[in-house]
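Novice: The structure under discussion is supplied below as structure tokens; questions concerning it will follow.
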Amino acid sequence: MADKTTIIVQSGDMDKLYSALIVSNGSLAMGMEVSLYFTFWGLLRLKKGGLEKGPLSKMHFLGLGKKMMLGRMKKNNVASLERLMADFKELGGKIIACEMTMDIMGLKRSDLIEDIIDDYGAVGTYIQEARQSAITLFI
Amino acid sequence: MAEIYVDVRGETCPVPLVEMRKAVRKAQPGDVIEITGNNAASKKEIPMAADALSLAVISTEEQDGTWTIKIKK
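Just so you know, the sequences run in chain order A and B.
For the first sequence, my numbering gives the first residue as 21, with consecutive numbering after it.
For the second sequence, my numbering gives the first residue as 181, with consecutive numbering after it.
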């Protein structure tokens with residue numbers, strides 16, 4: 021099994037994107053390769069300006085809960101999603117966007133943050149990545 | 181043989197590991213990377229990461245919760 025982590029990012033929730041990027045950046049820091057496959061609600065986070073827009077998965081309370089959580093995270097010096105994504109790319113992490121989700125949601129490549137997306141694909145692309153991965157997660 | 185300093189005091193998971201990795205990538209073989217921080221988990225995990233990257237930890241020191249780890253590339 022290769023030293024690789026592959027994650028399906030299906031959720032567009034802020035906290036779950038944190039989980040995905042923290043596991044990814046930890047994997048990269050420890051010398052592994054990483055592929056993130058963004059699908060369904062997760063793909064919305066790859067829209068231009070969309071990275072930080074996700075709701076909290078619990079206790080969102082029309083945005084009030086998220087605001088409080090972000091306040092507590094800032095107090096504890098937790099990095100922003102923008103920063104985690106910049107680190108992910110700098111360390112060679114790969115991003116794949118699900119083409120079927122793009123069709124369903126009516127998204128064109130130009131609607132997405134194209135400069136961070138390495139590939140556009142379907143389930144076969146994910147399987148090719150995942151079958152060689154020691155760590156695979158669905159978030 | 182250059183010495184590279186990485187200051188991650190005040191930073192929390194996963195930033196200390198990530199900054200260590202960035203410094204290791206930029207370093208030349210033989211360079212020493214010195215990382216200083218105060219995140220408790222990172223003190224354990226930076227040596228784990230060094231091990232995973234097949235790099236030697238030269239020394240680990242800690243005073244009042246602030247640690248310094250030296251790694252050789």
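The beta carbon of each residue, even a glycine, is placed where N, CA and C say it ideally should be.
Since we're looking at a predicted model, the values are computed, not measured.
Does A/ALA22 have its Cβ less than 9 angstroms from a Cβ in chain B?
Specialist: Closer than 9 angstroms: no.
Novice: Just to make sure I have the definition right: I need the residues of chain B whose C-beta is within less than 8 angstroms of the C-beta of A/GLU110. Which are they?
Specialist: Result: LYS202.
Novice: How long is the line joining the alpha carbons of A/VAL161 and A/LEU84, rounded to whole angstroms?
Specialist: There is no way to answer for residue 161 of chain A, as the model of chain A reaches only from 21 to 159.
Novice: For the alpha helix (DSSP H) that A/GLN40 lies in, which residues bound it at each end?
Specialist: Sequence inspection shows Ala at residue 40 of chain A; the Gln mentioned does not correspond to that position. Per DSSP, A/ALA40 belongs to the alpha helix (DSSP H) from 34-49.
Novice: Going by C-alpha distance, which of B/ALA232, B/THR248, B/ARG205 and B/ALA182 is nearest B/ALA220?
Specialist: When only C-alpha atoms are compared, the closest one is B/THR248.
Novice: Could you name the residues of the same chain whose beta carbon sits closer than 6 angstroms to that of A/THR26, not counting the 5 residues immediately before and after it, in chain order?
Specialist: SER55, GLU149, ALA150, SER153 and THR156.
Novice: In chain A, what lies closer than 7 angstroms to B/GLY190 by C-beta?
Specialist: What B/GLY190 touches in chain A: ASN97.
Novice: Since A/GLY51 meets chain B, which of its residues come closer than 7 angstroms, beta carbon to beta carbon?
Specialist: Residues of chain B passing the Cβ test: ALA232 and LEU233.
Novice: Are any of the Cβ atoms in chain A nearer than 9 angstroms to that of B/VAL212?
Specialist: Cβ-Cβ to chain A under 9 angstroms: no for B/VAL212.
Novice: Classify B/THR246 as buried or exposed, calling it buried when 16 or more other Cβ atoms lie within 10 Å of its own Cβ.
Specialist: Classification of B/THR246: exposed, given that the 10 Å Cβ count is below 16.
Novice: Please list, in chain order, all residues of the same chain as A/MET120 whose beta carbon is under 7 angstroms from its beta carbon, the five residues on each side excluded.
Specialist: Same-chain partners within the cutoff: ALA142.
Novice: For A/LYS24, count neighbouring Cβ atoms within 10 angstroms of its own Cβ and tell me buried if that reaches 16, exposed if not.
Specialist: Burial call: buried.
Novice: Closer than 8 angstroms, Cβ to Cβ, to anything on chain B: give me those residues from the region 110-125 of chain A, in chain order.
Specialist: Taking 8 angstroms as the Cβ-Cβ cut-off against chain B, the residues of the region 110-125 of chain A that qualify are GLU110 and LEU111.
Novice: Could you tell me which of A/ASP138, A/LEU71, A/ARG92 and A/ASP131 sits nearest to A/ASP33, measuring between CA atoms?
Specialist: Out of A/ASP138, A/LEU71, A/ARG92 and A/ASP131, A/LEU71 has the C-alpha closest to the C-alpha of A/ASP33.
Novice: Count the other C-beta atoms from every protein chain shown that fall within 10 angstroms of the C-beta of A/LYS36, then say buried if there are 16 or more, exposed otherwise.
Specialist: A/LYS36 is buried by the Cβ-count criterion.
Novice: Assuming B/ARG201 contacts A/LEU111 under a Cβ cut-off of 8 angstroms, what Cβ separation, rounded to an integer in Å, is found between them?
Specialist: Yes, they are in contact, since the Cβ atoms of B/ARG201 and A/LEU111 sit about 6 angstroms apart, within 8 angstroms.
Novice: Considering only the beta carbon of each residue, do A/LYS73 and A/ILE133 sit closer than 9 angstroms?
Specialist: No, Cβ-Cβ distance for A/LYS73 and A/ILE133 is not below 9 angstroms.
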